[in-house]
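Participant:
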Amino acid sequence: MSSKSASELSCIRGRYNDFFLTNKGSIFGAYELSGVDPTGLGQMEREWCTFIMSSLFKHSPDTMTLTQYYIHQDNASIKLKERDTPRSKLLSSRREMFLNSRRLSSSRLFFLPEFRLDQDLNSFWTIEFFQNLLLYPLSTTARRYIHMRLSEYNSILAYEDDLKITAQNLSDGIQKHLSRLNLSSLQNTLLNAVEHWGLVKALHNFDFRLLDQKGKPASNYLHSRVFEGNIKAVNLNGVDYLKIQGLSTVYLRIASIKGFSDDYIHEATFARGINAPVSVKGNYVIMSRYRGMSKSESKKYFKNMADDVQRQQINPAELLTGNIKSGLEKQLAMSDTDQAILKEVKDAVALPDGFGNYEAAVVVFDADIDQINATCRELEAAYNQASIDLIFESTGLEAAFESFLPGSQFKSKREMVINSTKAAALSLFYKASAGKHDWLFSTALGKQIEEALYIFESNDGSPFYYQPHLNGRCLIICIGPIRTGKTFLKNTIASHIMKYTNSFYTAIDIDPGTETLAKFFQEDGAIFRLDEDFQAGFNPFSIATGSDDTRFKAHFIRQLETMIKANSNAESRLFTRLEQKLIDNALKDTLDPRLEPHMRTFETFLGHCNEDIAQKLARFHGHGMYSRLYDNATDAIGSLRKRFSVYNIMGVRDDPVLLPLVMNEIAYRVVRTFESESLRDSFKMLDIDEAHAFLKIPGMTDFLANGIRTWGKWGAGVSLSTQSPLELESVPHWPVLRSAASTLIFMADGEMNRDVYKRVFDLSDGHLDAIENLIPKQQAFIYQRDLRVAKVINLFVEPEQKVINTSVAGEVSVRDRNLNEFDDIDQAIQATIEELELA
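Just so you know, this note's numbering puts the end of the sequence shown at 1274, numbered straight through with nothing missing.
(1) Per DSSP, what are the beta-bridge partners of Trp632 in this structure?
(2) For Gln844 versus Asn458, is the C-beta distance shorter than 8 Å?
(3) Output the residue ranges of the beta strand (DSSP E) runs that lie fully inside the region 1178-1258 and measure 3 residues or longer, sorted by chain position.
(4) Where do the ends of the beta strand (DSSP E) carrying Asn623 lie?
(5) Mind reading off the beta-carbon distance from His904 to Phe876? Whole number of angstroms is fine, and I expect it under 8 Å.
(6) If you reduce the DSSP assignment to three classes, tell me which class Met728 lands in.
(7) Three or more C-beta pairs closer than 8 Å, one from the region 1058-1078 and one from the region 973-981: is that the case here?
(8) Within the same chain, show all residues whose beta-carbon is closer than 7 Å to that of Met1187, passing over the 5 residues directly before and after it, in chain order.
(9) Could you spell out where the alpha helix (DSSP H) holding Asn1020 opens and where it closes?
(10) Given this structure, state the Cα-to-Cα distance separating His990 from Thr941, to the nearest angstrom.
(11) Three Cβ pairs or more, each shorter than 8 Å: is that satisfied between the region 821-833 and the region 459-474?
(12) Hey, would you say Gly896 sits closer than 8 Å to Leu539, going by beta carbons?
(13) Arg688 lies in the beta strand (DSSP E); which residues open and close that run?
(14) From Leu1172 to Thr1036, what does the alpha carbon distance come to, in whole angstroms?
(15) Going by DSSP, what residue range makes up the alpha helix (DSSP H) through Glu886?
(16) Hey, how far is the Cα of Trp560 from the Cα of Arg578?
(17) Which residues in the same chain have their Cβ closer than 7 Å to the Cβ of Ser1117, if we skip the five residues on either side of it in sequence?
(18) Note down the Cα distance separating Arg1104 from Ile1264, rounded to an integer number of angstroms.
(19) Measuring only the C-alpha atoms, how far is Phe963 from Val798?
(20) Bridge partners of Asp675, per DSSP?
(21) Ordered along the chain, which non-local residues of its own chain (more than five positions away) have a Cβ less than 6 Å from that of Val669?
(22) Among the residues of its own chain, which have a CB less than 7 Å from the CB of Ile403, if the five just before and after it don't count?
(23) Confirm, please, whether the CB-CB distance from Ile506 to Phe643 is below 8 Å.
(24) Look at Leu1155 and Ile1180 and say whether their C-beta atoms are less than 8 Å apart.
(25) Assign Val1105 to one of three DSSP states: helix, strand, or coil.
(26) At what residues does the alpha helix (DSSP H) containing Tyr1065 begin and finish?
(27) Report yes if the CB atom of Phe492 is closer than 8 Å to the CB atom of Ser731, and no otherwise.
(28) Measuring CA to CA, which of Val1227, Trp483, Phe455 is closest to Leu1209?
(29) Following a CB-centred definition, is Ile609 positioned closer than 7 Å to any heavy atom of the ligand NAP?
(30) Whole angstroms are fine: how far does the CA of Leu1064 sit from the CA of Leu1041?
(31) Going by other Cβ atoms of all chains shown within 10 Å of its Cβ, with 16 needed for buried, is Gln994 buried or exposed?
(32) Rounded to whole angstroms, what's the CA-CA distance from Leu1132 to Pro1091? Just pull it up for me.
(33) Just verifying my parser: in three-state terms, what is the DSSP assignment at Lys493?
(34) Using only alpha-carbon positions, find the residue among Ser723, Gly460, Pro548, Leu534 that is nearest to Asp497.
(35) Quick check: Ser1242 and Thr922, are their CB atoms within less than 8 Å of each other?
(36) Have a look at Gly449 and Ser659 and give me their C-alpha separation to the nearest angstrom.
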């Protein structure tokens, strides 16, 4: 670069603890934010975020400068933990390889608040300096002062008291910032000296590996230490770039914001629209800076504006002739532009808001200039739809870069004066949520950390770490019409549950959708089918632990109450108080430990009841039409303890009487294992399809809502899937269950009724917009209220996973044929991949 060296571009001069000092007598710190995900933000959420930022400005010093950096890179590297079991090891390695082939993006968000000092620490040529220079031969004090000023580090000590006070004010101010921002951005951390120096160097050199550097910065001459390479302007194919040549070469294009297309600056401008400016893929950094004015500075600024307009109304000829127009005549003769300026000044003075100078720029960087220009086109489109006017710098590249740097004191020609509310609306408070990377859980050996259950690709190309265990709860509710990818999503997640040591997964399905996955896990997988012509079902007493097993008794009575609901008249659909007492006694007698195990059956139980009870349950014993379900001496299921168990109950899927009974019986048995002491430290998941039938069982909603809080301590969770919100709305005590859910997942719904979704799930308009725009069979919307995560994810999977999970008829036919042909399931999967040309 011709006019300035690299070191001259930086305004950073010294370090004080975790903060840095500029050459104009200011000090700045830095903190990192998790931010607010732009996905699913409706008008109400955008107004709320703008309010938080506005509050931050209003409760900070008027003269605070707040610089914000949003760093976006296509460089996310995924590393999954290596697993012990061959099947899970294979799945994890394939997922890792697939994700790394997708060139996923990552983003980070930093705020750098800057406070002015009363003294300019780094200005040598002050009156005080000249006075002491004249006294240098005569005064020891003067000589000491001059020596201190000639040392950059000691120049800081010359005003140490002022520095300490301002640094403390800055530290207190940052803590207040973090407290306010925590209302929406949950994870915000102050950077220490090492982290802060890494950020500063990364932004100077556009080498973001420096963010992870460990070296502690020096205390002085930092402007000559911050750059690690040479910088120069170059023109390639008629386009102007900055070229930074250090350990590697990177090119930059800089676009500045010159204004806004709309008269009104919208709340959460940078998160606005489906293709929000912060959601564009590519390598770029957005910088936003607001330099607050003191009240006297803003008053002077607006007075000068008004004076300029008034001066333009003066006509020299009128002064010479003495024929001067009155104030009213001048006002009537004013141009529309001048009148608009005076109105703006009048309105601004009346506002309670502070004012400041605002500037913003986006720097696109890459080693490949073609990639830079492609990203620039994407950004320009995104900024246009957000009503932001960009101008790509050419001759002003050097000045634009200098203005972009942390701590810059350079006055940009693109600066505009706005109030603090507009600055809040223009804040970079938004970043794609990465989810929850780690899962902290309790075991007999103490707290343990595991990686997230699954990594999705977000709609903006960033990885989303999905973990349903949140705050000791794991209840997933998934809603989606048929053929929208619900089963595909469920199985994709389920396949990775097995990576956790000694984990257990159980699916209750009404079709063969999960059977292939059970086969994939070979000796760890098991399948139980309940066909239409099933001849043997359950012996419920086979799983009771004794006469004092109150959990079993409660479950058995729920089953009895569900059975009699199928009776035709009202009297036979309820047990009288006397009958309830007889049932309690009959249960006690049937569970008597003196009774032989083979005698503990449904038939024996009814033998201890009176004729009225037996009559009400007539369909379920003897020659009754449903007797094969419960009236059995031998239990057909037994105790399936395979790690991956699938119960395909398609034989009763269309029977409104048997379906809830079968679901409840299997679910109860699985849930009992949740609290088994031998499995206490194991991750356990129960997955129920068509769950609305299960939830309508008397007392089931309360049972689940209460159980979720307990099961979470045992590493257990429940996933419920259904097709329609209306099916859930009719579930007893649905709001209780909804509030217990840790995760809501929505699939695309082409016939979505916004009012129904809003009412049933308590969603915002922004959430509804996201669901409404989902691509069927490709996308899902994940909502985790505790994490304030609202996320659109893509069901992009590796070919092997697609073969295992597919429910597309033609693909299923090819897969099943290969499964029958090959003894080795991996060979069958590979043959299917080749035949379907998925590789």
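Idealized CB from N, CA, C, for every residue including glycine.
All of these numbers come straight from a predicted model, not from anything done at the bench.
Facilitator: So, from the data block:
(1) Reading the sequence shown from its first residue, position 197 is the one you call residue 632. Its beta-bridge partners do not exist; DSSP assigns none.
(2) For the purposes of this step, residue 844 is identified with residue 409 of the sequence shown, where counting begins at 1. For the purposes of this step, residue 458 is identified with residue 23 of the sequence shown, where counting begins at 1. Their beta carbons are under 8 Å apart, which means Gln844 touches Asn458 by this criterion.
(3) 1178-1182, 1214-1219, 1224-1229
(4) Against the sequence shown, residue 623 aligns to sequence position 188. Taken as a continuous stretch (DSSP letters only), the beta strand (DSSP E) holding Asn623 covers 623-625.
(5) The sequence position of residue 904 within the sequence shown is 469, counting from 1. The sequence position of residue 876 within the sequence shown is 441, counting from 1. Correct: roughly 7 Å between the Cβ atoms.
(6) By one-based count along the sequence shown, residue 728 stands at place 293. Three-state DSSP puts Met728 in coil, outside helix and strand.
(7) yes
(8) Taking the sequence shown and counting its residues from 1, the one referred to as residue 1187 is at position 752. Within the same chain, Met1187 has close Cβ partners Ile1206, Glu1207.
(9) As a first step, residue 1020 must be located in the sequence shown, where it is residue number 585. That run of the alpha helix (DSSP H) goes 1012-1025.
(10) Residue 990 sits at position 555 when you count from the first residue of the sequence shown. Residue 941 sits at position 506 when you count from the first residue of the sequence shown. The straight-line gap from Cα to Cα measures roughly 19 Å.
(11) no
(12) For this step, residue 896 is matched to residue 461 along the sequence shown. For this step, residue 539 is matched to residue 104 along the sequence shown. In this structure, Leu539 lies closer than 8 Å to Gly896 by Cβ.
(13) Here residue 688 refers to the residue found at position 253 when the sequence shown is read from its first residue. Counting along the chain, the beta strand (DSSP E) containing Arg688 begins and ends at 684-695.
(14) Stepping through the sequence shown from its first residue, residue 1172 is reached at position 737. Stepping through the sequence shown from its first residue, residue 1036 is reached at position 601. Whole-angstrom Cα-Cα distance: 34 Å.
(15) For the purposes of this step, residue 886 is taken as residue 451 along the sequence shown, with counting starting at 1. Segment 881-886 is the beta strand (DSSP E) holding Glu886; no alpha helix (DSSP H) there.
(16) Here the question's residue 560 lines up with position 125 in the sequence shown. Here the question's residue 578 lines up with position 143 in the sequence shown. Legend: pLDDT at Trp560 = 47, less than 50; position of this residue unreliable, value from coordinates given subsequently. C-alpha separation (whole angstroms): 16 Å.
(17) Stepping through the sequence shown from its first residue, residue 1117 is reached at position 682. Here the set comprises Asn937, Ser938, Phe939, Gly1150.
(18) Counted from its first residue, the sequence shown places residue 1104 at position 669. Counted from its first residue, the sequence shown places residue 1264 at position 829. Distance between the alpha carbons of Arg1104 and Ile1264: 33 Å.
(19) Position 528 of the sequence shown, counted from the first residue, corresponds to residue 963. Position 363 of the sequence shown, counted from the first residue, corresponds to residue 798. The straight-line gap from Cα to Cα measures roughly 58 Å.
(20) As a first step, residue 675 is located in the sequence shown; it is residue number 240 there, counting from the start. Asn670, per the DSSP bridge assignment.
(21) Residue numbering aside, residue 669 sits at position 234 when the sequence shown is read from its first letter. Cβ within range, chain order: Tyr676, Lys678.
(22) Residue 403 is absent from the model: the chain starts at 436 and stops at 1274.
(23) Position 208 of the sequence shown, counting from 1, holds the residue named residue 643. Position 71 of the sequence shown, counting from 1, holds the residue named residue 506. It is a contact, given that the beta carbons lie within the stated cut-off.
(24) For the purposes of this step, residue 1155 is taken as residue 720 along the sequence shown, with counting starting at 1. For the purposes of this step, residue 1180 is taken as residue 745 along the sequence shown, with counting starting at 1. Taking 8 Å as the Cβ cut-off, Leu1155 and Ile1180 do not qualify as a contacting pair.
(25) The residue labelled residue 1105 in the question sits at position 670 within the sequence shown. Looking at Val1105 - three-state DSSP - the assignment turns out to be helix.
(26) On the sequence shown, residue 1065 is found 630 positions in, with the first residue counted as 1. Segment 1062-1065, the alpha helix (DSSP H) holding Tyr1065.
(27) Here the question's residue 492 lines up with position 57 in the sequence shown. Here the question's residue 731 lines up with position 296 in the sequence shown. No, these two residues do not count as a Cβ contact at 8 Å.
(28) By one-based count along the sequence shown, residue 1209 stands at place 774. Nearest C-alpha to Leu1209: Val1227.
(29) Inclusion of the ligand NAP in the displayed structure is not the case, the ligand content being empty and no account of it being possible.
(30) Taking the first residue of the sequence shown as position 1, residue 1041 is located at position 606. Taking the first residue of the sequence shown as position 1, residue 1064 is located at position 629. Spanning the two alpha carbons is a distance of roughly 15 Å.
(31) Counting from 1 along the sequence shown, the entry for residue 994 is found at position 559. Per the 10 Å Cβ criterion, buried.
(32) To locate residue 1132, count along the sequence shown from 1; it is residue 697. To locate residue 1091, count along the sequence shown from 1; it is residue 656. Before going further, note that residue 1132 is Ile rather than Leu in the sequence given. Near 11 Å, if we compare the C-alpha coordinates of Pro1091 and Ile1132.
(33) Within the sequence shown, the letter at position 58 stands for residue 493. Residue state, collapsed to three classes: helix.
(34) As a first step, residue 497 must be located in the sequence shown, where it is residue number 62. Nearest option by C-alpha distance: Pro548.
(35) What you label residue 1242 is simply residue 807 of the sequence shown in a count that begins at 1. What you label residue 922 is simply residue 487 of the sequence shown in a count that begins at 1. For Ser1242 and Thr922, yes; Cβs fall inside 8 Å.
(36) Here residue 449 refers to the residue found at position 14 when the sequence shown is read from its first residue. Here residue 659 refers to the residue found at position 224 when the sequence shown is read from its first residue. If you take the alpha carbons of Gly449 and Ser659, they lie about 11 Å apart.
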